[in-house]
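For the sequence shown, the working numbering begins at 8 and goes up steadily by one. Cβ coordinates follow ideal geometry from the N, Cα and C atoms, glycine included. Quick notes on the structure that follows.
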Amino acid sequence: MEQSTAVQEYGPDESNGTVNTASITNNLVLCSNSPEHQKRSQPPLVSALKASAEENAASFHFPGHNRGHAAPASLTRLIGIRPYAHDLSSIPELDNLFCRQGPILEAQKEAAKLFGSSETWFLVNGTTCGVQAAIMATCSPGEFLILPRNCHLSAISALVLSGAVPKCIFPDYKNDWDIAAGVTPLQVLNAIQELEFEGKKAAAVFITSPTYHGVCSNLSDISELCHSRKIPLIVDEAHGAHLGFHSKLPSSALQQGADLIVQSTHKYALNLGTCRDHVQRLISGVKYLAATSSTVQQPKDRLFTDHAPFDDIIMSLTPRDAFFASKRKVTVKESIGKVSGELICPFPPGIPVLIPGEFITERAVDYLLNVISKGADISGASDPLLSSIVVCNVVDDNY
Ligand SMILES: Cc1ncc(COP(=O)(O)O)c(C=O)c1O
Numbered sequence: 008m009e010q011s012t013a014v015q016e017y018g019p020d021e022s023n024g025t026v027n028t029a030s031i032t033n034n035l036v037l038c039s040n041s042p043e044h045q046k047r048s049q050p051p052l053v054s055a056l057k058a059s060a061e062e063n064a065a066s067f068h069f070p071g072h073n074r075g076h077a078a079p080a081s082l083t084r085l086i087g088i089r090p091y092a093h094d095l096s097s098i099p100e101l102d103n104l105f106c107r108q109g110p111i112l113e114a115q116k117e118a119a120k121l122f123g124s125s126e127t128w129f130l131v132n133g134t135t136c137g138v139q140a141a142i143m144a145t146c147s148p149g150e151f152l153i154l155p156r157n158c159h160l161s162a163i164s165a166l167v168l169s170g171a172v173p174k175c176i177f178p179d180y181k182n183d184w185d186i187a188a189g190v191t192p193l194q195v196l197n198a199i200q201e202l203e204f205e206g207k208k209a210a211a212v213f214i215t216s217p218t219y220h221g222v223c224s225n226l227s228d229i230s231e232l233c234h235s236r237k238i239p240l241i242v243d244e245a246h247g248a249h250l251g252f253h254s255k256l257p258s259s260a261l262q263q264g265a266d267l268i269v270q271s272t273h274k275y276a277l278n279l280g281t282c283r284d285h286v287q288r289l290i291s292g293v294k295y296l297a298a299t300s301s302t303v304q305q306p307k308d309r310l311f312t313d314h315a316p317f318d319d320i321i322m323s324l325t326p327r328d329a330f331f332a333s334k335r336k337v338t339v340k341e342s343i344g345k346v347s348g349e350l351i352c353p354f355p356p357g358i359p360v361l362i363p364g365e366f367i368t369e370r371a372v373d374y375l376l377n378v379i380s381k382g383a384d385i386s387g388a389s390d391p392l393l394s395s396i397v398v399c400n401v402v403d404d405n406y
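Structure below.
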């Protein structure tokens, strides 16, 4: 399992209006100090893996490298055979991720205790898969999901999969820091009320906290607001699995009352293996940047803002309808004013500038061409150099 995710289950207790939370954690959690761990000395999955790898088993299951006996020599020369001996499948003694009864269930229970959730599930295929699962668990086709427009592209793919309709919040931009701010409780309230005014209800609220740049939102107030209206709060905490484990860090989303939390424990920039020397090098680098950046002159007539132009976005189709619409390829110049048929996303940080169903603006195109000219990679687009863009064939596709 390459990573784990923490998810909390939304279950309002009708009798007292409280929310029954559940959480999920990953393999890192297995380092807990629970009495079971003390006794066994090794976490459940690790001891099960160790025992299985030490057996001299004749194996007829996948993976096809047969516990390393058929592994490519070019790789065993690099990493040896031992990693392959431990690269095992859902064999009975290792449990089944989709029907947990043994060491996976035990490990997930340990993780739930550590993170303080009522339930925890481990993920494979990245946090993306947890974000998609959380949105699909709460939103049916046509229902509304309140989310920040600068969310990770995984949330947009979840809109396509679920058929949920986005009700976007546009976080303020902090010019002094040159990064987007978090989502405020007032912005969430406004979004809920705007929907209510149209006779609609949000099926869920989705917040990214911390953001890719480390900005945390006030989740306590946001969760209180959501729960007062019985709306589940999902938090993409991909960059915050460490929160709540130190008094000087912000509380975790779970501690602040969120219902479903997805974490990337595999994403730690600093982790238990980070040595003092590496931290020192990081600090020196940041100090150097801080000292030199103030001396760099910004041209007064700068054509482009450094942040993606989100404030004039208008949607024509839902992301799902746009994804499945008939489409055509047009030149980048012709695309302006048309409805985007694809997701176009500079990477990193994986925040899409255009999503399927949005009208393509000149500002968005200028921004994208500018970041490409500065060397950014574009993901999602059929033509990553953007000489062409795929647009939807809609009757009135003029902005
Ligand atoms: C905020 C956020 N959410 C979700 C993801 C998706 O994570 P993964 O690449 O593990 O699927 C990322 C990836 O960088 C991210 O930054």
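{"Query": "Contact test: Tyr219 Cβ vs ligand 1 heavy atom, cutoff 6 Å", "Result": "yes"}
{"Query": "Ala118 Cβ short of 6 Å to ligand 1 heavy atom set", "Result": "no"}
{"Query": "Range of the contiguous alpha helix (DSSP H) that encloses Leu52", "Result": "51-61"}
{"Query": "Cβ neighbour criterion (16 or more within 10 Å) applied to Lys237", "Result": "exposed"}
{"Query": "Any non-hydrogen atom of ligand 1 closer than 6 Å to Ala245 Cβ", "Result": "yes"}
{"Query": "Unbroken beta strand (DSSP E) run spanning Val413, endpoints", "Result": "The first residue shown for the chain is 8 and the last is 406, placing residue 413 beyond what the model contains."}
{"Query": "Contiguous beta strand (DSSP E) assignments of at least 3 residues, all confined to the region 165-191", "Result": "172-176"}
{"Query": "Expected contact under 8 Å - CB spacing of Lys336 and Ser386 to nearest Å", "Result": "About 18 Å separates the two Cβ atoms, so there is no contact after all."}
{"Query": "Whole-number beta carbon distance between Ala297 and Val401, since they are thought to touch under 8 Å", "Result": "About 48 Å; that fails the 8 Å criterion."}
{"Query": "Under 7 Å between C-beta atoms of Val222 and Pro326", "Result": "no"}
{"Query": "Classification of Trp128 by the beta-carbon crowding that lies within 10 angstroms, buried from 16 upward", "Result": "buried"}
{"Query": "Cβ separation of Ser347 and Val378, assumed to be a contact under 8 Å, to the nearest whole Å", "Result": "Not really, about 17 Å apart at Cβ, beyond 8 Å."}
{"Query": "Sufficient close CB pairs (3 or more, under 8 Å) joining the region 125-142 to the region 267-274", "Result": "yes"}
{"Query": "Buried or exposed by the 16-neighbour rule on C-beta atoms within 10 Å, applied to Phe317", "Result": "buried"}
{"Query": "Nearest to Ala141 (by Cα), restricted to the options Gly292, Ile351, Val242, Val339", "Result": "Val242"}
{"Query": "Contact test: His253 Cβ vs ligand 1 heavy atom, cutoff 6 Å", "Result": "no"}
{"Query": "Span of the alpha helix (DSSP H) around Ser235", "Result": "226-235"}
{"Query": "Status (buried if at least 16 other CB within 10 Å, exposed otherwise) for Glu365", "Result": "buried"}
{"Query": "Local conformation of Leu296 per DSSP, three classes", "Result": "helix"}
{"Query": "Under 7 Å between C-beta atoms of Pro353 and Ala383", "Result": "yes"}
{"Query": "Per DSSP, the bridge partner or partners of Asp373", "Result": "Partner(s): none; Asp373 has no beta bridge."}
{"Query": "Unbroken stretches of the beta strand (DSSP E), 3 residues or longer, contained in the region 353-401", "Result": "384-386, 395-399"}
{"Query": "Expected contact under 8 Å - CB spacing of Ser216 and Gly264 to nearest Å", "Result": "With 8 Å as the limit, Ser216 and Gly264 do not qualify as a contact, their Cβ atoms being about 13 Å apart."}
{"Query": "Three-way DSSP call (helix, strand, coil) for Leu101 in this model", "Result": "helix"}
{"Query": "Beta-carbon proximity list for Ser147, same chain, < 8 Å, skipping 5 on both sides", "Result": "Ser169, Gly170, Ala171, Ala210"}
{"Query": "For Asp328, three-class secondary structure by DSSP", "Result": "helix"}
{"Query": "As assigned by DSSP and simplified to three states, the class of Thr218", "Result": "coil"}
{"Query": "Contact between the region 241-256 and the region 194-203 (3+ Cβ pairs under 8 Å)", "Result": "no"}
{"Query": "Touch test, the region 78-89 against the region 47-57, Cβ-Cβ under 8 Å, three pairs minimum", "Result": "no"}
{"Query": "Presumed contact (8 Å Cβ cut-off) between Ser342 and Val372, rounded CB distance", "Result": "7 Å"}
{"Query": "Exposure of Asp102, with buried meaning 16 or more beta-carbon neighbours within 10 Å", "Result": "buried"}
{"Query": "Reduced DSSP category for Val242 - H, G, I as helix; E, B as strand; rest coil", "Result": "strand"}
{"Query": "Contact test: Gly109 Cβ vs ligand 1 heavy atom, cutoff 6 Å", "Result": "no"}
{"Query": "Counted within 10 angstroms of its Cβ, other Cβ atoms place Phe122 as buried (16 or more) or exposed", "Result": "buried"}
{"Query": "Close beta carbons around Lys274, own chain, < 7 Å, minus the five adjacent residues each side", "Result": "Ala245, His246"}
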